Structure formats: structure tokens, C-alpha cells
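*Asks:* Below is the structure I would like to discuss, written out as C-alpha cells.
Residue numbers (the working numbering): 1149 to 1270.
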């Protein structure tokens, strides 16, 4: 799968890149929301793993911008969050085109299961 990982933590992005590449995925990383929008505007990805809490241009800003340009539903978006999120926020994000939300820290088994789910079109 062709995967975009977006996280302002270079350590997390690098680790995900290494792990996902090792099991055969093609991974591109971005460290901020603006770069993510640029990449998503110009490229197609089979999955996007997007951190919600990033400075200056958050994951939520990315989703809003992609919706503006008609690209929010072109790739399944999985949000990462370390902060609690309410049921109404989850529902709103799903209505805006988010595939799913994973709580940080994310276990590798959970990450691989999510990739498998996406690859099967679930």
C-alpha cells in the first residue's frame, strides 16, 4: 500500500516509516499539516495516518482544507490522538470523511489491523 504518515514528531513519523516500509508498504512522511495538504493535493494514497494535534496547521485543519478542495474522501484517513475525544466529535469527524480514530500510543498490532481493514475496503 502507498501510505502517507503525518506527524509533527519526527521520531514517530520515522518509526512508522521504518516499520511500515519493512513490511512492504511505500511510505511518505510529512511533519506538518501544510505539507500534508500539498502531498494529498498532488498524489493519491491508499491510506493516510494523520496526527490531530500539530502546531500551526492541525490534522483537523488538514481535513477542512481537503474538504474545500474536494480531496477529503480520496484516501482513507486514520487520525491519531493522544487527547480524549468525545462521541460527538468522533461522529462529526466520521461525517467529514475520517475513516477511523486511533488513540496514541498506537500498538503495532492495532496499526497493522487497521491497514488490513483498509486494504480490504472496510
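Ideal Cβ placement from N, Cα and C applies to all residues, glycine included. Keep in mind the model is a prediction, meaning the values are calculated, not measured.
When DSSP labels each residue in this structure, what does residue 1229 get in the three-state scheme?
*Replies:* Reading the chain shown from its first residue, position 81 is the one you call residue 1229. Strand, per DSSP.
*Asks:* Just to confirm before moving on: does the CB-CB distance between residue 1222 and residue 1188 stay below 9 Å?
*Replies:* Position 74 of the chain shown holds residue 1222. Position 40 of the chain shown holds residue 1188. Contact: yes.
*Asks:* How many Å lie between residue 1259 and residue 1173 at the Cα?
*Replies:* Sequence index remark: in the chain shown, residue 1259 carries index 111 (1-based). Sequence index remark: in the chain shown, residue 1173 carries index 25 (1-based). When rounded, the distance between both Cα atoms is 13 Å.
*Asks:* Does at least one heavy atom of the ligand MG sit under 8 Å from the Cβ of residue 1229?
*Replies:* This structure lacks the ligand MG; in fact it carries no ligand of any kind.
*Asks:* Give me whichever residues DSSP pairs with residue 1187 in a beta bridge.
*Replies:* Position 39 of the chain shown, counting from 1, holds the residue named residue 1187. DSSP, once it has assigned bridges, lists no residue as partnering residue 1187.
*Asks:* Which residues bound the beta strand (DSSP E) around residue 1199?
*Replies:* For this step, residue 1199 is matched to residue 51 along the chain shown. 1195-1199 is the span of the beta strand (DSSP E), which, as asked, contains residue 1199.
*Asks:* If you follow the alpha helix (DSSP H) that residue 1263 is part of, which residue opens it and which one closes it?
*Replies:* The residue given as residue 1263 occupies position 115 in the chain shown. Its alpha helix (DSSP H) spans residues 1256-1267.
*Asks:* Going by DSSP, which residues form a beta bridge with residue 1241?
*Replies:* For the purposes of this step, residue 1241 is taken as residue 93 along the chain shown, with counting starting at 1. Per DSSP, none; premise fails for residue 1241.
*Asks:* With DSSP as the reference, please indicate the residues paired to residue 1170 in a beta bridge.
*Replies:* If you number the chain shown from 1, residue 1170 lands on position 22. DSSP lists no partner for residue 1170.
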